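Here the numbering used here is used: the first residue of the sequence shown is 89, the next is one more, and so on.
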Amino acid sequence: RIYFSGNFLRRNELACRQLAYAISFWSKGEMQAQFFHHEGFFGALGTFLQ
């Protein structure tokens, strides 16, 4: 699985579907795209990881 977080995909269903399809296609069904529902929160947590 590949997890995506960040505000760049917020409310962009088309981009999420295209990204999920591309990941599945390129990995021949081995990988799966996952998207966080609270992506802004997880992006903010990343700033505290240093």
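Built from N, CA and C at the ideal position, the CB exists for glycine as well. From a predicted model like this one, the values you see are computed outputs, not experimental measurements.
Where does residue i land, buried or exposed, given buried means 16+ other C-beta within 10 angstroms?
| i | result |
| --- | --- |
| SER115 | exposed |
Name the residue from the options whose alpha carbon lies nearest to the alpha carbon of residue i.
| i | options | result |
| --- | --- | --- |
| GLY117 | TYR109, LEU102, PHE123 | TYR109 |
Going straight from the alpha carbon of residue i to that of residue j, what length do you get?
| i | j | result |
| --- | --- | --- |
| PHE113 | LEU107 | 10 Å |
| HIS125 | ILE111 | 19 Å |
Consult DSSP for residue i and reduce its assignment to one of helix, strand or coil.
| i | result |
| --- | --- |
| GLN120 | coil |
Return the Cβ separation of residue i and residue j in integer angstroms, given the expectation that the two are a contact with Cβ distance under 8 Å.
| i | j | result |
| --- | --- | --- |
| ALA121 | PHE92 | 6 Å |
| ARG99 | MET119 | Actually they are not in contact, since the Cβ atoms of ARG99 and MET119 sit about 24 Å apart, beyond 8 Å. |
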